[in-house]
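Asker: First residue of the sequence shown? That's 2 in my numbering, and the numbers climb one at a time after it.
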Amino acid sequence: MICAISGEVPDEPVVSKKSGLLFERRLVERYIEDHGKCPVTKEELTMDDIVAVKTNKVVKPRQLQAASIPGLLGMFQNEWDAIMLSSFALEQQLHTARQELSHALYQHDAACRVIARLKKERDEARALLAQAERQIPASMAGAAPTAVVSNGKRAFEDEVGPDGKKIRPGINPVMIDELTECNTMLSAHRKKRQVPPTLASIDAIERYTQISSHPLHKTNKPGILSMDIHPSKDIIATGGIDTNAVLFDRSSGQILCTLTGHSKKITSLKFVPRDELFVTGSADKTVKIWQGSEEGNYNCIHTLKDHTAEVEAVTVHATQKYFVTASKDNTWCFYDIPSGSCLTQVGESSGQEGYTSASFHPDGLILGTGTTEAVVKIWDVKTQSNVAKFEGHVGPVTAMSFSENGYFLATAALDGVKLWDLRKLRNFRTISPYDSDSPTNSVEFDFSGSYLAVGGSDTRVYQVANVKLEWNLVKTLPDLSGTGKVTNVKFGTDAKYIAVGSMDRNLRIFGLPGEDDQMDDAKPSEE
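#1: Note down, in chain order, each residue of its chain lying with its Cβ closer than 8 angstroms to the Cβ of K476, except the 5 sequence neighbours on either side.
#2: Which partner residues does A314 have in the DSSP bridge list?
#3: Would you report the Cα separation of S437 and T431, rounded to the nearest angstrom?
#4: H394 and T412: beta carbons closer than 9 angstroms?
#5: From which residue to which residue does the beta strand (DSSP E) around K271 run?
#6: Taking buried to mean at least 16 other C-beta atoms within 10 Å of its own C-beta, is I3 buried or exposed?
#7: Tell me whether N507 sits in a helix, a strand or coil according to DSSP, three-state version.
#8: Label D229 either buried or exposed according to how many other C-beta atoms from any shown protein chain fall within 10 Å of its C-beta, with 16 as the threshold for buried.
#9: Grab the span of the alpha helix (DSSP H) containing R31 for me, first residue to last.
#10: Considering only C-alpha positions, which residue in the set P216, S253, L368, E277 is nearest to S233?
#11: Residues in its own chain within less than 6 angstroms of S214 by CB, not counting five upstream and five downstream?
#12: Buried or exposed, going by whether 16 or more other CB atoms sit within 10 Å of the CB of S103?
#13: Quick check on DSSP: helix, strand or coil for Q321?
#14: With respect to the beta strand (DSSP E) encompassing S213, which residues constitute its N-terminal and C-terminal limits?
#15: Mind checking C343: buried by the 16 CB within 10 Å criterion, or exposed?
#16: Name the DSSP bridge partner or partners of S17?
#17: For L73 and E101, what's the separation of their Cα atoms in angstroms?
#18: Can you tell me which residues form a DSSP beta bridge with W81?
#19: Please look up how many angstroms separate the CB atoms of G450 and N406, rounded, as I've assumed it's under 8 angstroms.
#20: Classify I256 as buried or exposed, calling it buried when 16 or more other Cβ atoms lie within 10 Å of its own Cβ.
#21: Within its chain, find whatever has a CB closer than 7 angstroms to the CB of A310; leave out the 5 residues flanking it on each side and keep chain order.
#22: Do V325 and T281 have their beta-carbon atoms positioned less than 9 angstroms apart in this structure?
#23: Going by the DSSP bridge assignment, what does H303 pair with across the sheet?
#24: Output the boundary residues of the beta strand (DSSP E) element that contains T477.
#25: Mind checking which residues open and close the alpha helix (DSSP H) that includes N387?
#26: Within 8 angstroms, do at least three Cβ pairs link the segment 14-21 to the segment 47-59?
#27: Which residues bound the beta strand (DSSP E) around R427?
#28: Judging by CA-CA distance, which residue of S252, A98, V377 is the nearest neighbour of G396?
#29: In whole angstroms, what separates the C-alpha of A466 from that of W472?
#30: Rounded to whole angstroms, what is the Cα-Cα separation between E349 and C334?
#31: So what does DSSP say about Y336, is it helix, strand or coil?
#32: Ordered along the chain, which non-local residues of its own chain (more than five positions away) have a Cβ less than 6 angstroms from that of H1?
#33: Cα-Cα, which of T239, D178, S360 is closest to K383?
#34: What is the rounded straight-line gap between the Cα of Y323 and the Cα of V317?
#35: Identify the residues that DSSP records as bridge partners of C343: which are they?
#36: Below 8 angstroms, is the gap between the Cβ of Q255 and the nearest heavy atom of the ligand MN?
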């Protein structure tokens, strides 16, 4: 007779009435006290269900192995081996349990992260919905009067001519006189202007390195497509593939506000400092004018829908009262900023050709546009007539920049950068910094006209010379985004820093280490 618990011959055998199993009395009593169940069948069991078995009391014979010292040693060895095997099995079970626990904790952490992200996206969607609900009644309430009144300018836009096109009011003689006066004043001032002594030296630019990097846009839709720097404040604006425009305070390293409202990527944006306005152009075919408030927020006051294709460029006139948009529908529009009305739309809609870039001349009477067909067109703003064409590029003209000296124009395309002399209307130099598979996406003169920045697979800064002398490469700044595509390059005040946007979500600032502190210390004395 063997105990069902210990596997040994019991000293006081008992039998369960329910299962018929044999147990050692002391073992089964303790188990019933602790659990109230049969240790084998797990049925409910009490001591009343236990029956003692009467047996003869006999002296147990000593085992053969225990009759000698070698036998005892053998027994001890067998017991030790059994303990070691049991310990190894327990360690394996513990390791498996730890792995399962680690996996469960990882799954729990991942689930918490997903839930947090979904909650954030839900809150953002609710905020956008609330903002849209606030804007829709305001726009509906303001649409009717502005279409009729607004100094008589909106009324023209609702009228359609015999050819089916909207009748535009045009640029009237008063505006032309204003543009001419501005041009005369700026031209006279330009001839007297000298390079400021605070301009960053060539030696300083050669030592430029990345001093900060700021993730401004969403991770699921990375890419900065447009950038502008406020001329009097240390604020940088970026427009991204994520449909948002972000205003960033460089001195504090903080995002001031994020402008939402476009439904597709933002291709171009510009500050209008005079009235704290901000203009954005998007691939959703619209242009938005934003009004800044004392709290630092911007609200959309006009949404312009005059184009029938992606808006590729926005450029503001020197008077800060007008701006031009260029679109892939092969037209450019001249807008009055205060009323948000389109004064004239130049060009015919074309399925083959369209505009990819645009920029005002610093004096304001000349407009440059770049096309998908690799042509640079120069326009007389007063007559809206095409007065010159520059050909020679390969691929769409992605960017252009007029120098503040008034007679250099730099344009960028797949084949690099071409420099044009506006006095003789000819190309006097071509810079091809990259291979044929790497387009040049950005080109920018600094405000003094002393340096030229080029962005493609990296960022390069050239020293501006004249028509005859070579334009020397001063510094090559590597693309630290890992995307191999620099999309925007802008000079800060006095070229003290260079802001770079790439196809990741980060805005990168290049300059001298410690230069930020020096500039911050210098600001009060300048004021």
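No residue lacks a Cβ here, since even glycine has one placed at the ideal position from N, Cα and C.
Answerer: Reading it off the structure:
#1: Taking the first residue of the sequence shown as 1, we reach residue 476 at position 475. I206, E207, Y209, R461, V462.
#2: By 1-based counting over the sequence shown, the position of residue 314 is 313. Answer by DSSP bridge pairing, in chain order: A327.
#3: Taking the first residue of the sequence shown as 1, we reach residue 437 at position 436. Taking the first residue of the sequence shown as 1, we reach residue 431 at position 430. Distance between the alpha carbons of S437 and T431: 14 angstroms.
#4: In the sequence shown, residue 394 corresponds to position 393, counting from 1. In the sequence shown, residue 412 corresponds to position 411, counting from 1. Going by C-beta atoms, H394 is nearer than 9 angstroms to T412.
#5: Residue numbering aside, residue 271 sits at position 270 when the sequence shown is read from its first letter. Counting along the chain, the beta strand (DSSP E) containing K271 begins and ends at 267-273.
#6: Numbered from 1 along the sequence shown, position 2 holds the residue referred to as residue 3. Looking at its Cβ environment, which holds fewer than 16 other Cβ atoms inside 10 Å, I3 is exposed.
#7: Reading the sequence shown from its first residue, position 506 is the one you call residue 507. N507: strand per DSSP, three-state reduction.
#8: In the sequence shown, residue 229 corresponds to position 228, counting from 1. The residue in question, D229, is buried, as its Cβ has 16 or more Cβ neighbours within 10 Å.
#9: Within the sequence shown, the letter at position 30 stands for residue 31. Counting along the chain, the alpha helix (DSSP H) containing R31 begins and ends at 26-36.
#10: Position 232 of the sequence shown holds residue 233. The option with the nearest alpha carbon to S233 is E277.
#11: In the sequence shown, residue 214 corresponds to position 213, counting from 1. Once the five neighbours on either side are set aside, the close Cβ partners of S214 are N507, R509.
#12: Stepping through the sequence shown from its first residue, residue 103 is reached at position 102. Per the 10 Å Cβ criterion, exposed.
#13: By one-based count along the sequence shown, residue 321 stands at place 320. Coil at Q321, not helix or strand.
#14: Sequence index remark: in the sequence shown, residue 213 carries index 212 (1-based). Looking at the DSSP string, the run of the beta strand (DSSP E) that includes S213 is 210-216.
#15: Locating residue 343 in the sequence shown gives position 342, where the first residue counts as 1. C343 should be labelled buried.
#16: Counting from one through the sequence shown, the residue named residue 17 turns up at place 16. Its beta-bridge partners are I51.
#17: Within the sequence shown, residue 73 is the residue found at index 72, counting from 1. Within the sequence shown, residue 101 is the residue found at index 100, counting from 1. If I take the Cα positions, the gap works out to 42 angstroms.
#18: Against the sequence shown, residue 81 aligns to sequence position 80. The partner list for W81 (beta bridge, DSSP) is empty, contrary to what the question assumes.
#19: Position 449 of the sequence shown, counted from the start, is the residue given in the question as residue 450. Position 405 of the sequence shown, counted from the start, is the residue given in the question as residue 406. Their Cβ separation, rounded to whole angstroms, is 5 angstroms, which keeps G450 and N406 in contact under 8 angstroms.
#20: As a working mapping, residue 256 is identified with position 255 in the sequence shown. By the 10 Å Cβ count, I256 comes out exposed.
#21: Walking along the sequence shown from the start, residue 310 turns up at place 309. Excluding positions up to five away in sequence, the list reads K286, S328, K329, D330, G355.
#22: Taking the first residue of the sequence shown as 1, we reach residue 281 at position 280. Taking the first residue of the sequence shown as 1, we reach residue 325 at position 324. No, Cβ-Cβ distance for T281 and V325 is not below 9 angstroms.
#23: Looking up residue 303 in the sequence shown gives position 302. According to DSSP, which records beta bridges pairwise, H303 is partnered with I290.
#24: As a first step, residue 477 is located in the sequence shown; it is residue number 476 there, counting from the start. First-last of the beta strand (DSSP E) with T477: 474-478.
#25: The count along the sequence shown starts at 1 and reaches residue 387 at position 386. Here N387 belongs to no alpha helix (DSSP H); instead the beta strand (DSSP E) covers 386-391.
#26: yes
#27: Taking the sequence shown and counting its residues from 1, the one referred to as residue 427 is at position 426. Run containing R427: 427-432, per the beta strand (DSSP E) assignment.
#28: What you label residue 396 is simply residue 395 of the sequence shown in a count that begins at 1. Answer by Cα proximity: V377.
#29: For this step, residue 466 is matched to residue 465 along the sequence shown. For this step, residue 472 is matched to residue 471 along the sequence shown. About 5 angstroms.
#30: Here the question's residue 349 lines up with position 348 in the sequence shown. Here the question's residue 334 lines up with position 333 in the sequence shown. So the alpha carbons of these two residues sit roughly 12 angstroms apart.
#31: What you label residue 336 is simply residue 335 of the sequence shown in a count that begins at 1. If DSSP states are grouped into helix, strand and coil, Y336 belongs with the strands.
#32: Residue 1 lies beyond the range of the chain shown here (2 to 528); nothing can be said about it.
#33: Here residue 383 refers to the residue found at position 382 of the sequence shown. Checking every option, the nearest Cα to that of K383 belongs to D178.
#34: Reading the sequence shown from its first residue, position 322 is the one you call residue 323. Reading the sequence shown from its first residue, position 316 is the one you call residue 317. Spanning the two alpha carbons is a distance of roughly 6 angstroms.
#35: Here residue 343 is taken as the residue at index 342 of the sequence shown, counted from 1. Per DSSP, Y336.
#36: Ligands in the displayed structure: none, and consequently the ligand MN is not present.
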